[in-house]
Amino acid sequence: MADLPEMLAELQSVADSPKKMLAKYLAQGKKVVGCFPIYTPAELVHAAGMIPMGVWGGQVNPSVAGQYAPIFICSIMRSCLEFGMLGKYKGLSAVIMPILCDSFRGMSGAWRVGVKDIPLIALIQPQNREVDGAREFLAAEYGVVKEKLEEIAGHKISGDAIENSIAIYNSHNATLREFARAANRHLDVITPKIRHAVMKSAHFMEKAEHAAKVKDIVLKLAELPEHKWTGRKVVLTGITAEPGDLLDILAENKIAVVGDDLAQESRQFRTDIPAGQDPLDRLAGQWLSRSACSVVHEKTSARPDLVIKLAKENRADGVIICLMSFCDVEEYEYPLLAKTTAQAGLPSVCIDIDQSTENSGQARTKLQTFVEML
Ligand code: SF4
Numbered sequence: 006m007a008d009l010p011e012m013l014a015e016l017q018s019v020a021d022s023p024k025k026m027l028a029k030y031l032a033q034g035k036k037v038v039g040c041f042p043i044y045t046p047a048e049l050v051h052a053a054g055m056i057p058m059g060v061w062g063g064q065v066n067p068s069v070a071g072q073y074a075p076i077f078i079c080s081i082m083r084s085c086l087e088f089g090m091l092g093k094y095k096g097l098s099a100v101i102m103p104i105l106c107d108s109f110r111g112m113s114g115a116w117r118v119g120v121k122d123i124p125l126i127a128l129i130q131p132q133n134r135e136v137d138g139a140r141e142f143l144a145a146e147y148g149v150v151k152e153k154l155e156e157i158a159g160h161k162i163s164g165d166a167i168e169n170s171i172a173i174y175n176s177h178n179a180t181l182r183e184f185a186r187a188a189n190r191h192l193d194v195i196t197p198k199i200r201h202a203v204m205k206s207a208h209f210m211e212k213a214e215h216a217a218k219v220k221d222i223v224l225k226l227a228e229l230p231e232h233k234w235t236g237r238k239v240v241l242t243g244i245t246a247e248p249g250d251l252l253d254i255l256a257e258n259k260i261a262v263v264g265d266d267l268a269q270e271s272r273q274f275r276t277d278i279p280a281g282q283d284p285l286d287r288l289a290g291q292w293l294s295r296s297a298c299s300v301v302h303e304k305t306s307a308r309p310d311l312v313i314k315l316a317k318e319n320r321a322d323g324v325i326i327c328l329m330s331f332c333d334v335e336e337y338e339y340p341l342l343a344k345t346t347a348q349a350g351l352p353s354v355c356i357d358i359d360q361s362t363e364n365s366g367q368a369r370t371k372l373q374t375f376v377e378m379l
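Quick note on numbering: my numbering labels position 81 of the sequence shown as 86, and the sequence is numbered without any gaps.
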């Protein structure tokens, strides 16, 4: 087994350079299918023997995406489209796009005209999850996705193969939750940037491979004495907490991350696929079980309640709300989140997350002030 810094550096490299992983899998003769945020049935891609790879954009000042995406679309969708139009996702056999918010409605059309060489598989998760038929509808949607993936893979995807992939994904979820707990006992080693890299790298690696690496990290952490952190502790909430500079600012100010409600991180791992008889129905059941997420319609207090619980359980001093610029659903939830956390005695600060700039100057000033208030 490699040593801990080496293991962490490997996942940092994966998180920083997904393109290298794409090249690696293609060189192994594997087909790779892009999975847009936030929730795609990646298990179906996995069951087809292909590699599901997250499509999360990146820091770029768009030069061509403006042809098809307005300036007021969220910055993550603009950067995804920009990268697609510039050929950065070349090699993907297709992309799966869940139409979870209004930005996606425009994006699906923009992708079809702007990135003609990568076919789009779109699906819709029912937002009214309480009506009869919601689960059946989604299982049928997943059936259509499965058929399209079978065409790409060149073979059928068996029920047993999906069951096997579901087991791998549920086990991976448990491993990442275990990592999050272990990280809190070693905040000197697991800096905000490293925590983020371990979680983000999951999007770009085959899940059993990633789980094995994270399990080794957890074992190595267990060999270390528990660290008594003397700095401040926070919980992050939002879509993503990037770029890396932002996380470096936290470390510079002796702020540790002890929990997150980020779409790119823990929202991916906190809801397992439930037991059941039919694999597509089980996948649909996972969507019906998701909660406390800005793209899930439900009672409005669910997310603030979860963030407060997370903060209290992990003795956080405050909450950092990472607000993706031009993300309607996150902006809509912000006022209640800020008010409810304040009522619970948790100070919060709102940081703009904008993939169109590398400049984190404003965030630095806000975080420096925030840490003085804690
Ligand atoms: S949920 Fe927000 S960040 Fe995600 S695609 Fe929709 S608008 Fe963009």
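For each residue, glycine too, the CB sits at the ideal point set by N, CA and C.
| Query | Result |
| --- | --- |
| Take GLU363 and list the residues in its own chain whose beta-carbon comes closer than 8 angstroms to its own, dropping the five residues that flank it on each side. | GLN64, PRO248, ASP250 |
| Excluding the five sequence neighbours on either side, which residues of its own chain have a C-beta within less than 6 angstroms of the C-beta of ALA185, listed in chain order? | none |
| Considering TRP100, what are the terminal residues of the beta strand (DSSP E) in which it resides? | Note that residue 100 corresponds to Val in the displayed sequence, not to Trp. Unbroken beta strand (DSSP E) run through VAL100: 97-103. |
| Measuring straight from C-alpha to C-alpha, what distance separates ALA179 and GLY281? | 19 angstroms |
| Taking 8 angstroms as the cut-off, does the CB of ALA115 come closer than this to any heavy atom belonging to ligand 1? | no |
| Should LYS344 be labelled buried (16 or more other beta-carbon atoms within 10 Å of its own) or exposed? | exposed |
| Would you mind working out which of ARG287, LEU311, ASP266 sits nearest CYS327, comparing C-alpha positions? | ASP266 |
| Looking at LEU293 and ARG3, is the spacing between their C-beta atoms short of 9 angstroms? | With the chain represented from 6 up to 379, any question about residue 3 goes unanswered, as that position is not in the structure. |
| Does DSSP put MET90 in a helix, in a strand, or in coil? | helix |
| Between GLY71, LEU372, MET58, MET112, which lies nearest to LYS29 when the distance is taken from Cα to Cα? | MET58 |
| In the DSSP assignment, what residue or residues form a beta bridge with CYS327? | GLY243, ILE356 |
| Would you call ARG287 buried or exposed, if buried means 16 or more other Cβ atoms sit within 10 Å of its Cβ? | buried |
| As a quick exercise: from ALA158, SER271, ALA202, ILE129, pick the residue whose alpha carbon is nearest that of TYR147. | ILE129 |
| Helix, strand or coil: which one does DSSP assign to ASP8? | coil |
| With DSSP collapsed to three states, give me the class of CYS85. | helix |
| Among ILE43, ALA145, GLY54, ARG275, which one has its Cα closest to the Cα of ALA166? | GLY54 |
| PRO284 by DSSP, collapsed to three states: which one? | helix |
| Does the beta-carbon of SER108, which I'm using as the reference point, lie nearer than 8 angstroms to any heavy atom of ligand 1? | yes |
| What three-state label does DSSP hand ASP277 in the structure shown? | coil |
| Since LYS238 sits in a beta bridge, which residues does DSSP pair it with? | ALA261 |
| What first and last residue would you give for the beta strand (DSSP E) that runs through GLY59? | 56-59 |
| Taking C-alpha atoms, which residue in THR196, GLY159, ALA217, ASP357 lies nearest to HIS177? | ALA217 |
| Would you tell me roughly how many angstroms separate the C-alpha atoms of ILE157 and ILE126, rounded to the nearest one? | 11 angstroms |
| Compute the distance between the beta-carbons of ILE358 and THR245, then report whether it is under 9 angstroms. | yes |
| With respect to 8 angstroms, is the separation between the Cβ of VAL300 and the closest non-hydrogen atom of ligand 2 below this value? | This structure lacks ligand 2; the ligands present are ligand 1. |
| When you compare the CB positions of HIS51 and LYS212, do they come within less than 9 angstroms of one another, or not? | yes |
| Starting from LEU125, trace the alpha helix (DSSP H) in both directions and tell me its first and last residue. | Here LEU125 belongs to no alpha helix (DSSP H); instead the beta strand (DSSP E) covers 125-128. |
| Quick one: does the C-beta of ALA246 sit closer than 8 angstroms to a heavy atom of ligand 1? | no |
| Sorted by chain position, which residues of the same chain lie with C-beta nearer than 8 angstroms to SER18's C-beta, five sequence neighbours on each side aside? | LYS25 |
| Which value, in whole angstroms, describes the spacing of the CA atoms of MET112 and GLY34? | 30 angstroms |
| What is the C-beta distance between GLY243 and ILE260, in whole angstroms, given that I count them as a contact (C-beta under 8 angstroms)? | Rounded, the Cβ-Cβ distance is 16 angstroms, inconsistent with contact. |
| Taking DSSP as the reference, what is the three-state secondary structure of VAL37? | strand |
| Helix, strand or coil: how does DSSP classify ASP21 here? | helix |
| For LYS151, which residues from the same chain have a beta carbon less than 6 angstroms from its beta carbon, with the 5 sequence-adjacent residues on both sides left out? | LEU49, ILE162 |
| Under the rule that 16 or more other beta-carbon atoms within 10 Å means buried, what is HIS302, buried or exposed? | exposed |
| Since ASP266 sits in a beta bridge, which residues does DSSP pair it with? | THR242 |
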